[in-house]
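Scroll down for the structure; my scribbles are underneath it.
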Amino acid sequence: MRRRSVLSHLPQHLERLLKAPISLDCANEARFVLATVLLLYNLELLSAKATQWRLHIQGARAIIQWKLQAIGLHRPPDVADNFLRYEYYFTAVFNGLTTFDATYDVIDDIPSNDKIAVFGDFVRIMHCVTRAERINFSGSSNTETTRVEDVVGEIETARDRALQLNQIIRFQYPDARHDFEHLTHMYYHASLIYSHRVLSDPAPSQDLIRASRDAILDHLSHLMDLAYFAHDLVWPLFVCGTECRGFPDKQDIIERALLGVIRLSGSLDRRRVLSFLRMFWQLDCGDREQSFCLGNSPQSHWVFPLLPNRGTGWHKQSLG
Numbered sequence: 158m159r160r161r162s163v164l165s166h167l168p169q170h171l172e173r174l175l176k177a178p179i180s181l182d183c184a185n186e187a188r189f190v191l192a193t194v195l196l197l198y199n200l201e202l203l204s205a206k207a208t209q210w211r212l213h214i215q216g217a218r219a220i221i222q223w224k225l226q227a228i229g230l231h232r233p234p235d236v237a238d239n240f241l242r243y244e245y246y247f248t249a250v251f252n253g254l255t256t257f258d259a260t261y262d263v264i265d266d267i268p269s270n271d272k273i274a275v276f277g278d279f280v281r282i283m284h285c286v287t288r289a290e291r292i293n294f295s296g297s298s299n300t301e302t303t304r305v306e307d308v309v310g311e312i313e314t315a316r317d318r319a320l321q322l323n324q325i326i327r328f329q330y331p332d333a334r335h336d337f338e339h340l341t342h343m344y345y346h347a348s349l350i351y352s353h354r355v356l357s358d359p360a361p362s363q364d365l366i367r368a369s370r371d372a373i374l375d376h377l378s379h380l381m382d383l384a385y386f387a388h389d390l391v392w393p394l395f396v397c398g399t400e401c402r403g404f405p406d407k408q409d410i411i412e413r414a415l416l417g418v419i420r421l422s423g424s425l426d427r428r429r430v431l432s433f434l435r436m437f438w439q440l441d442c443g444d445r446e447q448s449f450c451l452g453n454s455p456q457s458h459w460v461f462p463l464l465p466n467r468g469t470g471w472h473k474q475s476l477g
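Residue numbers (my numbering): 158 to 477.
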C-alpha cells in the first residue's frame, strides 16, 4: 500500500522539482526524492520486477544529473548528497556487471570518500572495465583500447590503498581488522578475474584466473566471522562462483558462504545470485571453458541485479 502511494506521488514531486527555481528547499527536496527512488529500487529487488528496478535506477540517474547541473553551481554537495550519489553509483556499476545492457550510461563524477566507500577504487575500476567491454561490443573504433596490464596495475594500487586504510579504521571488534584484510584480498582477486575475463584472451589468462579463484577460496577460509562483512562478500563470492563450474567441492564452499550471507544480512539479491550460480554450474559446455563473462552481451538471458556494497558495514567501524 505504501509503495503504491509513494509511486503515485513521485511524478508530482519530480514535476515540481523541474519547474521550481533553484533554492535550498529545492535541493533538499531533490535529495529526498533521490533517496526515495533508491529505496524503491531495493524494494523492487524483492519482487524481481526487472522493468521497475531498472526504471528506478534511471530515475535516480536523471535526478543526480539534474541536481549536479542545476544546484551544484549554487551549492556544493554535502555528506548526505555524496552518500546518495555513491548509493546510485555502486548500484549502477554492479548492475552493469550482471544485466549486460547494450547501453552503459553511468554517471561517474563521484567524489572519492573513504568514509563512505572503502572499496570505491575497486568499483571505479570495474566501471571502467565494463564500459570498455560495452564500447568494444558496439564496434566503436574512436576510443583508446583499455589494456589489461594497466588495469591490473590499478587493481594493485586499489588493494594497497585499502590495506593502508585497514591500519587506521577504528573497528568495533578486534577480529574485524583481520577479516577486513582478507576481504580486501578477495576484492583484489575478484577484480583480477573480472578484468581478465573481459579484456584478455581466455587461454593465456586461464592460469591467472584459476590462481585468483583459489586465492579467494583461501582467504574466505581465513575469515573469523562472516557477520563482520557479510554484505560485502556477495561480489567476490559471485565472481569466484562463476569460476567453479566442474568443481563440486568449490561450489559447495561458495554455496555455504552465500547461505551464510543470506542468514546474516537478508536475501535481497542474494538468493537470485545463488540461483544463477546453481544454474551456471549445471551448464553442459562440453570441453569448453565457460565463464559468465563470455555471455556478456545485450542478447544474454542471464539478467539479474546485483546489490552493491559501499565497503565494510560502516555501522561497525569508522575512520579516525
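The beta carbon of each residue, even a glycine, is placed where N, CA and C say it ideally should be.
- Annotated as proximal: residue 253 and residue 284, with beta-carbon spacing under 9 Å.
- Bounds of the beta strand (DSSP E) holding residue 326 are 326 to 328.
- Excluding sequence positions up to five before and after residue 407, its CB lies within less than 6 Å of the CB of 401, all in the same chain and listed in chain order.
- If only uninterrupted alpha helix (DSSP H) runs of at least 4 residues are considered, those enclosed by the stretch 372 to 423 are 391 to 398 and 405 to 422.
- Closest in alpha carbon position to residue 352, among 290, 333, 431 and 193, is 290.
- Nearest neighbour of residue 278 by Cα position, chosen from 219, 335, 341 and 305, turns out to be 341.
- Burial of residue 399 is indicated by the presence of at least 16 other C-beta atoms within 10 angstroms of its C-beta.
- Counting the other CB atoms within 10 Å of its CB gives residue 251 a total of 16 or more, which places it among the buried residues.
- Membership of residue 321 in the alpha helix (DSSP H) is indicated by the continuous run 305 to 323.
- Your pair residue 276 and residue 344 checks out as a contact, with CB atoms roughly 6 Å apart and the cut at 8 Å.
- If you draw a straight line from the Cα of residue 366 to the Cα of residue 338, it comes to about 21 Å.
- For residue 368, the number of other beta carbons within 10 angstroms of its own is below 16, and it is reported as exposed.
- Contact annotation, residue 380 with residue 421: C-beta distance approximately 12 Å; criterion of less than 8 Å not satisfied.
- Between residue 390 and residue 355, the gap from beta carbon to beta carbon reaches 9 Å or more.
- Assigned with DSSP and collapsed to three states, residue 357 falls in coil, not helix or strand.
- With contacts defined by Cβ atoms closer than 9 Å, residue 188 and residue 219 do not form a contacting pair.
- Our two residues, residue 359 and residue 373, have alpha carbons roughly 20 Å apart in a direct line.
- Boundaries of the alpha helix (DSSP H) harbouring residue 431: 427 to 438, taken from the DSSP string.
- Between residue 393 and residue 347, the C-beta gap is smaller than 9 Å, which places the two residues in contact.
- The shortest CA-to-CA distance from residue 197 to any of 282, 395, 245 and 336 is the one to 245.
- With contacts defined as CB atoms closer than 9 Å, residue 333 and residue 395 fail to qualify as a contacting pair.
- Residue environment: residue 416 is assigned as exposed (fewer than 16 neighbouring CB atoms within 10 Å of its CB, all protein chains considered).
- DSSP places residue 331 in the helix class (H, G or I) of the three-state scheme.
- For the 9 Å CB-CB criterion, residue 410 and residue 377 form a contact.
- The DSSP-derived three-state label of residue 275 is coil.
- Close CB contacts of residue 320 within its chain, under the 8 Å cut and outside five residues either way in sequence, are with 338 and 341 (chain order).
- Assignment of residue 287 by DSSP, reduced to helix, strand and coil, places it in the helix class.
- A direct Cα-to-Cα measurement between residue 234 and residue 185 gives close to 11 Å.
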